[in-house]
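Structure record follows, encoded as structure tokens.
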Amino acid sequence: MSPEDDTPKQSSRRRFLATAVATATAATATSSAVTGSKATAPGELSSRGAALSSEYDTVVDVTEAGADDTGNEPINSVLNRLCNDGATDTLLRFPPGTYAMDEMFRLVAYDRVGFVGDDATVVPTADFDDSAPWLFRLGVLADPGRDLLFEGFTFDFTAPDTGMRALEAQVTDGLAVRDVNVVGFHDGGTLGPAMFDVLDPDGWGTVERFRAPDGGAYSANTDGNIAVGPTGVLVSPYHRGTLRLRDLEVGGFPDNGLYADTPDGRVLVEGGRYRNSNVASVRVAGDGSRVRGTRIEVTHNRPEDVNQRGLRLDAGADLRVENVGIELTRPNGYALSVQDEVESARIEGVNVAVADRPNTAMVVAPTANRVTVADSEIHLGGGGYALAAFGDAPGPVVARNLSVYGWATGGAGRPAVLCHRDHCEFHDLAVYQPGEDRRAIDVRGDDCLVSGGTYMASDTPLYNTGSRTRFEGVTADSWGDSPALYLLDGDGVEVVDCDLSGGVRTGGGTFATRSGNST
């Protein structure tokens with residue numbers, strides 16, 4: 001629409017500037033509980049509102065245009081009148097209040113459109129048209145938008161049998177979503193709270209402080225029919241650009257918490273807290289994707305939760321996981337898994353804690369290629385592997401400065417570190433496994449290297465069946481009566497400059513080199 005179409009109800013830029021300074025309050029005074037990142041403060045939001053008013057040709061206070069801010073009357077007709085398909089340079093401001101919606105608001109082919117709430121709450125009506133389970137659908141694949149701003153809203157899903165997609169945005173470039181809260185258990189059996197895509201390979205987007213902490217119900221427990229149940233935050237396979245997801249908080253959802261399985265796009269996950277989702281709380285793919293400074297937890301299992309992985313890397317090259325904490329107090333799936341289609345990944349500065357029931361911490365799938373684990377710690381309270389590498393991919397798994405400790409037993413896998421792949425390397429590991437019937441490392445692949453480090457276990461700390469393994473500068477000891485190294489099998493094994501308290505036992509293996517060792 002043109003400005004003249006609604007002149008009596010439309011604020012001028014000057015009037016909006018004054019109104020924004022006077023009334024703008026942070027709709028999102030909620031901070032990220034894990035990362036310490038603060039939501040926009042009231043004064044900051046007022047300043048932003050003032051600045052934004054000069055950036056758009058058309059600035060509209062929706063209440064002045066007729067929108068009811070008490071939640072008694074739906075605002076869809078007002079939104080449709082103010083912002084049609086193809087809208088340009090338009091900012092809609094939502095003053096404090098509650099805004100009801102009885103059907104989807106859909107906007108496509110827009111350019112430079114903003115929706116800014118000042119303590120604004122959006123609630124679906126009891127008779128919402130759930131044949132289209134979206135509140136704001138801003139751009140579609142065939143007709144996306146460009147330069148979207150959406151910030152400062154709370155979506156109220158606290159009523160029973162409520163839950164739908166609060167916000168879906170597909171843009172070619174220029175996505176900015178900030179300070180959006182979804183409150184209430186998502187029990188409508190429909191689409192999850194959010195989906196974001198940047199469709200241009202050169203496009204960028206940022207989502208900051210999007211919160212859906214209350215999780216969602218499995219469809220079998222609702223009147224809805226979506227497969228399995230909702231996903232917390234989805235980045236679809238059509239995403240091609242770069243999307244930064246900063247300080248999100250996502251609770252337990254049936255079909256992944258953050259699901260960014262985008263092999264042709266890049267996702268940067270920064271900070272945030274993700275908890276208790278089935279399949280994975282965080283699931284990412286795409287060349288150059290990152291997960292950095294994020295907190296992931298599994299503290300609760302529902303009867304339907306059959307596999308609650310913490311972090312899952314699906315596909316891509318140069319994936320990075322940095323300074324991430326993963327805590328499984330109710331372990332029900334791997335803490336971190338590297339899937340078959342990963343070409344290369346680096347995992348650094350990661351702390352994993354697994355409580356006292358059997359569960360593997362990190363696993364590398366058989367055809368995942370080059371993976372490095374560095375400067376990380378794993379605590380295992382029950383059985384299972386701290387790090388397990390499988391398969392025959394040509395790229396090695398390399399571990400450096402990895403510490404493994406805790407009272408795990410050998411009941412669900414005897415070694416803390418299991419190497420079932422050729423050409424792997426282990427540098428300066430510190431593995432302490434005093435639990436019953438436990439080994440420190442089991443090397444079954446060929447042409448592997450164990451260099452430096454300390455390996456202590458209740459059973460045999462170093463166990464080898466691979467050929468041409470080289471142990472150099474290693475310290476190993478058993479808390480029991482077992483030898484430090486058991487060479488069950490493997491030809492051409494080298495043991496050089498090692499301190500092996502308790503000595504070496506051989507089965508069917510042979511040595512190529514054995515020098516400079518103490519026992």
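Numbers 1 to 519, taken from full-length UniProt numbering, label the letters of the sequence shown in order.
Here a beta-carbon is modelled for each residue, glycine too, at the ideal position from N, C-alpha and C.
Asked, Found
"Suppose the cutoff is 7 angstroms on Cβ atoms and the five residues either side in sequence are ignored; what does the same chain contact list for Phe390 look like?", "Val364, Ala365, Pro366, His420, Arg421"
"Under three-state DSSP, which class holds Leu52?", "helix"
"Can you tell me whether Asn80 is helix, strand or coil according to DSSP?", "helix"
"Give me the residue from Val504, Asp481, Tyr405 with the minimum Cα distance to Asp489.", "Val504"
"Hey, Gly445 and Gly406: beta-carbon distance below 8 angstroms or not?", "no"
"If we ignore side chains and look at the alpha-carbon of each, how far apart do Asn369 and Leu107 end up?", "43 angstroms"
"Please go through the segment 447-519 and give each complete alpha helix (DSSP H) segment of 4 or more residues, from N-terminal end onward.", "none"
"Starting from Asp156, trace the beta strand (DSSP E) both ways and give me its first and last residue.", "146-156"
"Between the Cα of Ser518 and the Cα atoms of Asp477, Arg244, Val493, which residue gives the shortest distance?", "Asp477"
"Measure the alpha-carbon distance for Thr469 versus Ala388 and round it to whole angstroms.", "17 angstroms"
"Let's see if you can read the secondary structure: which residues bound the beta strand (DSSP E) around Val236?", "According to the sequence as given, residue 236 is Ser; it is not Val. Neither: Ser236 is in no beta strand (DSSP E) and is coded neither H nor E."
"Output the distance between the C-alpha atoms of Leu319 and Asn76, rounded to the nearest integer angstrom.", "42 angstroms"
"Look up Ser281 in the DSSP assignment and say whether it is helix, strand or coil.", "strand"
"If you draw a straight line from the alpha carbon of Asn351 to that of Arg312, how long is it in whole angstroms?", "15 angstroms"
"Where DSSP assigns a beta bridge to Trp407, which residues make up the other side?", "According to DSSP, which records beta bridges pairwise, Trp407 is partnered with nothing at all."
"Find the nearest neighbour of Arg240 within the set Asn221, Gly215, Asp223, Val267, judged by alpha-carbon distance.", "Val267"
"Start and end of the beta strand (DSSP E) containing Phe185?", "Run containing Phe185: none; DSSP gives neither H nor E here."
"As a quick exercise: from Asp261, Gly251, His186, pick the residue whose alpha carbon is nearest that of Gly224.", "His186"
"Does the contact criterion of 3 or more C-beta pairs under 8 angstroms hold for the segment 87-94 versus the segment 103-118?", "yes"
"Take Gly43 and list the residues in its own chain whose beta-carbon comes closer than 8 angstroms to its own, dropping the five residues that flank it on each side.", "Below a pLDDT of 50, predicted positions are generally treated as unreliable, and Gly43, at 45, falls in that range; the measurement from the model is reported next regardless. The answer is none, since no qualifying residue turns up."
"For Ala29, which three-state DSSP category applies?", "Model confidence at Ala29 stands at a pLDDT of 34, short of 50, so the residue's coordinates are unreliable and nothing is read from them."
"For Pro74, list the residues DSSP reports as bridge partners.", "Ala100"
"What does a CB cutoff of less than 6 angstroms around Pro254 pick up in its chain, not counting 5 residues either side in sequence?", "Tyr218, Val228, Gly229, Asn278"
"Just verifying my parser: in three-state terms, what is the DSSP assignment at Ala22?", "Note that Ala22 scores 31 on pLDDT, short of 50, meaning its location in the model is unreliable; the coordinates nonetheless yield the value given after this. It is helical."
"Report the residue from Asp200, Leu245, Pro201 whose alpha carbon sits nearest the alpha carbon of Arg211.", "Leu245"
"Which first and last residues belong to the beta strand (DSSP E) in which Tyr432 is found?", "430-433"
"Out of Phe105, Glu270, Ala100, state which residue places its alpha-carbon closest to the alpha-carbon of Leu167.", "Phe105"
"Within a Cβ cutoff of 7 angstroms, which residues of the same chain sit near Thr299, ignoring the five residues on either side of it in sequence?", "Arg275, Asn276, Thr329, Arg330"
"What residues in its chain sit with their C-beta under 6 angstroms from that of Phe511, if we drop five residues either side in the sequence?", "Val493"
"Which residues mark the beginning and the end of the beta strand (DSSP E) in which His420 is found?", "415-420"
"Return the residue from the list Gly203, Glu208, Ala194, Leu199 that minimises the CA-CA distance to Gly215.", "Ala194"
"Measure the C-alpha to C-alpha separation of Val207 and Thr475 and round it to an integer number of angstroms.", "48 angstroms"
"Among the residues of its own chain, which have a CB less than 7 angstroms from the CB of Asp261, if the five just before and after it don't count?", "Pro237, Arg283, Ala285, Asp314"
"Using 8 angstroms as the threshold, is the C-beta distance between Asp497 and Gly509 below it?", "no"
"Give the range of the beta strand (DSSP E) segment to which Met362 is assigned.", "362-364"
"Which of the three DSSP states is assigned to Ser131 in this structure?", "coil"
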